[in-house]
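Undergrad: Residue numbers (my numbering), protein chains in the order written: chain W, 35 to 143; chain F, 1093 to 1208.
Take a look at this one; I'll ask things after.
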């Protein structure tokens, strides 16, 4: 059974800092991995999708990497801003989509 | 991409009553997914709704408790029946979209349900 773990559960950083969010999964036979952002009172917004054959994807200040063999993905956020404050979820697809519990990020001005 | 309108955004309900959540998509989609997010927990898939057929429920979820309708390719409802405080969660609908082979999940804004 696929299990997805996100560490840390919560993170607070000052504005401008670069940061890394971690996601690990137990079954490396995944089709893809997706990072989402969840804001209070809003749904999930897809940030980056990494196919199993890819090692990383970039969008603006976000960079996601994937190491299937070790069952890990990281989401790198450069020059963090208060508007980045949200919960970040990763999800992997094997037979079905399995989500982690998320990392709650607070960026302090 | 797909834009999903979900309502209500939140509700407070009494034990024993039922609530129907609606999702409208701006394009035709084959499958719609319904998720539950309990406090402090990850998203859990409740069921997959296909137009013209019965929804497929995941382990631990049953049709009597979570009846789903899918009358056409752009709309679906999820009903939470005979509610108890344990049903207090965020409920989200979702669809796949994007280029073939590079599909992403798109979500509605969620329904925050509190059962007293």
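Glycine residues also receive a C-beta, built at the ideal position from the N, C-alpha and C atoms.
#1: Taking residue 1201 of chain F as the query, report the chain W residues whose CB atoms sit under 7 Å from its CB, ordered along the chain.
#2: What is the DSSP secondary structure of residue 1163 of chain F, reduced to helix, strand or coil?
#3: Hey, how far is the Cα of residue 123 of chain W from the Cα of residue 73 of chain W?
#4: Counting contacts by CB-CB distance shorter than 9 Å, is residue 70 of chain W in contact with chain F?
#5: When you compare only the Cα positions, how much space is there between residue 143 of chain W and residue 1177 of chain F?
#6: What residues in the region 1148-1171 of chain F have a beta carbon less than 7 Å from any beta carbon of chain W?
#7: Quick check on residue 137 of chain W: buried or exposed, where buried means 16 or more other Cβ atoms within 10 Å of its Cβ?
#8: Quick one, which of F:1129, F:1145 and F:1165 has its alpha-carbon nearest residue 1159 of chain F's?
#9: Should residue 133 of chain W be flagged as near chain F, meaning a C-beta pair shorter than 9 Å?
#10: Going by DSSP, name the residue or residues bridged to residue 1103 of chain F.
TA: In short, the structure shows the following:
#1: 76 and 77
#2: strand
#3: 11 Å
#4: yes
#5: 38 Å
#6: none
#7: buried
#8: F:1145
#9: yes
#10: F:1205
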